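Below is one structure; the comments refer to it alone.
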Amino acid sequence: MSAVHMDETTPHMHAFILPVQETEKGLKLNARDVVGRKDLQHFHEDLNKKVDHDLGYHCSVQTGETIENKSLSKFKLDKMREELHQMQEEVSKIEGVKNLNERHQKTLEAYYDLLDKYEALESQISDLGISLTDDYLER
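Going by the numbering used here, the first residue of the sequence shown is number 831, and it counts up by one from there.
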(Lines of atoms letter the chains of each structure in order from A and count residues from 1; the text may use other names and numbers.)
(Lines give C-alpha, C1' and ligand atoms only; values in the text may rest on other atoms or scores of the structure.)
Protein backbone atom coordinates (compact mmCIF):
# COMPACT_ATOMS: atom_id res chain seq x y z
CA MET A 1 0.00 0.00 0.00
CA SER A 2 1.21 3.51 -0.71
CA ALA A 3 -0.09 7.05 -0.55
CA VAL A 4 1.09 10.18 -2.33
CA HIS A 5 1.07 13.28 -0.14
CA MET A 6 0.43 16.61 -1.89
CA ASP A 7 0.16 18.61 1.35
CA GLU A 8 3.76 19.78 1.51
CA THR A 9 6.15 21.71 -0.72
CA THR A 10 7.32 18.57 -2.50
CA PRO A 11 4.85 15.78 -3.25
CA HIS A 12 6.09 12.56 -1.71
CA MET A 13 5.05 8.98 -1.21
CA HIS A 14 4.95 6.73 1.80
CA ALA A 15 5.06 3.06 0.85
CA PHE A 16 4.09 0.30 3.25
CA ILE A 17 5.65 -3.00 2.28
CA LEU A 18 4.90 -6.36 3.85
CA PRO A 19 7.55 -9.02 3.21
CA VAL A 20 5.34 -12.03 2.55
CA GLN A 21 6.66 -15.50 1.81
CA GLU A 22 4.59 -18.29 0.27
CA THR A 23 4.83 -21.52 2.28
CA GLU A 24 3.05 -24.88 2.21
CA LYS A 25 0.66 -23.56 4.86
CA GLY A 26 -0.04 -20.31 2.95
CA LEU A 27 1.38 -16.80 3.13
CA LYS A 28 3.67 -15.93 6.01
CA LEU A 29 5.29 -12.66 7.07
CA ASN A 30 9.03 -13.22 6.91
CA ALA A 31 11.19 -10.13 6.70
CA ARG A 32 14.44 -11.96 7.36
CA ASP A 33 14.16 -14.38 4.41
CA VAL A 34 12.23 -12.19 1.94
CA VAL A 35 14.09 -8.94 2.46
CA GLY A 36 17.52 -9.32 3.91
CA ARG A 37 19.64 -6.70 5.61
CA LYS A 38 21.65 -6.12 2.43
CA ASP A 39 18.43 -5.57 0.43
CA LEU A 40 17.24 -2.97 2.91
CA GLN A 41 20.60 -1.19 2.86
CA HIS A 42 20.43 -0.76 -0.93
CA PHE A 43 16.66 -0.33 -1.31
CA HIS A 44 16.57 3.48 -1.51
CA GLU A 45 19.57 3.71 -3.82
CA ASP A 46 18.03 1.09 -6.14
CA LEU A 47 14.67 2.90 -6.01
CA ASN A 48 16.32 6.19 -7.01
CA LYS A 49 18.01 4.53 -9.99
CA LYS A 50 14.81 2.76 -11.07
CA VAL A 51 12.67 5.90 -10.93
CA ASP A 52 15.35 7.92 -12.71
CA HIS A 53 15.80 5.29 -15.45
CA ASP A 54 12.18 4.27 -16.01
CA LEU A 55 10.45 7.61 -15.47
CA GLY A 56 13.22 10.04 -16.33
CA TYR A 57 12.65 11.78 -13.02
CA HIS A 58 15.48 12.27 -10.56
CA CYS A 59 14.18 11.87 -7.05
CA SER A 60 15.87 12.08 -3.73
CA VAL A 61 14.89 9.44 -1.23
CA GLN A 62 15.86 10.57 2.23
CA THR A 63 16.47 8.17 5.04
CA GLY A 64 17.88 8.45 8.51
CA GLU A 65 21.30 8.04 6.92
CA THR A 66 20.83 10.95 4.51
CA ILE A 67 19.30 13.49 6.86
CA GLU A 68 20.31 14.25 10.38
CA ASN A 69 17.84 13.35 13.07
CA LYS A 70 16.43 16.48 14.68
CA SER A 71 14.04 17.12 17.48
CA LEU A 72 10.70 18.54 16.42
CA SER A 73 11.48 21.91 17.99
CA LYS A 74 14.89 22.07 16.23
CA PHE A 75 13.24 21.10 12.94
CA LYS A 76 10.60 23.83 13.35
CA LEU A 77 13.23 26.39 14.34
CA ASP A 78 15.36 25.56 11.28
CA LYS A 79 12.27 25.74 9.07
CA MET A 80 11.33 29.15 10.50
CA ARG A 81 14.89 30.41 10.00
CA GLU A 82 14.78 29.26 6.39
CA GLU A 83 11.43 31.00 5.85
CA LEU A 84 12.76 34.16 7.52
CA HIS A 85 15.79 34.13 5.23
CA GLN A 86 13.54 33.76 2.17
CA MET A 87 11.33 36.61 3.39
CA GLN A 88 14.38 38.83 3.92
CA GLU A 89 15.48 38.12 0.35
CA GLU A 90 11.98 39.02 -0.90
CA VAL A 91 11.99 42.25 1.14
CA SER A 92 15.38 43.12 -0.33
CA LYS A 93 14.05 42.57 -3.86
CA ILE A 94 10.96 44.66 -3.12
CA GLU A 95 13.10 47.48 -1.71
CA GLY A 96 15.22 47.38 -4.87
CA VAL A 97 12.09 47.67 -7.02
CA LYS A 98 10.80 50.48 -4.78
CA ASN A 99 14.08 52.42 -5.20
CA LEU A 100 13.93 51.89 -8.94
CA ASN A 101 10.32 53.12 -9.01
CA GLU A 102 11.31 56.23 -7.03
CA ARG A 103 14.09 57.02 -9.52
CA HIS A 104 11.69 56.51 -12.42
CA GLN A 105 9.14 58.77 -10.69
CA LYS A 106 11.75 61.55 -10.34
CA THR A 107 12.74 61.15 -13.99
CA LEU A 108 9.09 61.29 -15.03
CA GLU A 109 8.49 64.43 -12.93
CA ALA A 110 11.52 66.09 -14.55
CA TYR A 111 10.18 65.10 -17.96
CA TYR A 112 6.77 66.66 -17.19
CA ASP A 113 8.48 69.87 -15.97
CA LEU A 114 10.40 70.07 -19.25
CA LEU A 115 7.21 69.38 -21.19
CA ASP A 116 5.43 72.23 -19.36
CA LYS A 117 8.33 74.60 -20.15
CA TYR A 118 8.31 73.48 -23.77
CA GLU A 119 4.58 74.11 -24.10
CA ALA A 120 4.95 77.57 -22.46
CA LEU A 121 7.78 78.47 -24.86
CA GLU A 122 5.80 77.15 -27.81
CA SER A 123 2.86 79.32 -26.75
CA GLN A 124 5.14 82.37 -26.42
CA ILE A 125 6.64 81.72 -29.86
CA SER A 126 3.18 81.32 -31.31
CA ASP A 127 2.09 84.63 -29.73
CA LEU A 128 5.21 86.34 -31.09
CA GLY A 129 4.57 84.89 -34.51
CA ILE A 130 1.04 86.26 -34.55
CA SER A 131 2.11 89.70 -33.39
CA LEU A 132 4.98 89.79 -35.91
CA THR A 133 2.59 88.80 -38.66
CA ASP A 134 0.09 91.41 -37.53
CA ASP A 135 2.81 94.08 -37.38
CA TYR A 136 4.04 93.08 -40.82
CA LEU A 137 0.57 93.20 -42.36
CA GLU A 138 -0.10 96.69 -40.97
CA ARG A 139 2.76 98.22 -42.95
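Where is the CB? At the ideal position from N, CA and C, for every residue including glycine. These numbers come from a predicted model, not from an experiment.
- The beta carbons of Pro849 and Ala861 sit closer together than 9 angstroms.
- For a cut-off of 8 angstroms, the C-beta gap from Asp863 to Gln851 is around 6 angstroms, short enough to register as a contact.
- Taking C-beta atoms as the reference points, Asp882 and His888 count as a pair closer than 9 angstroms.
- Met843 is bridged by DSSP to Val834.
- Going by DSSP, Val850 is part of the beta strand (DSSP E) stretching over Val850 to Thr853.
- By DSSP's assignment, Leu857 forms a beta bridge with Glu852.
- In the structure shown, the three-state DSSP call for Val881 is helix.
- DSSP, read as helix, strand or coil, puts Ser903 in helix.
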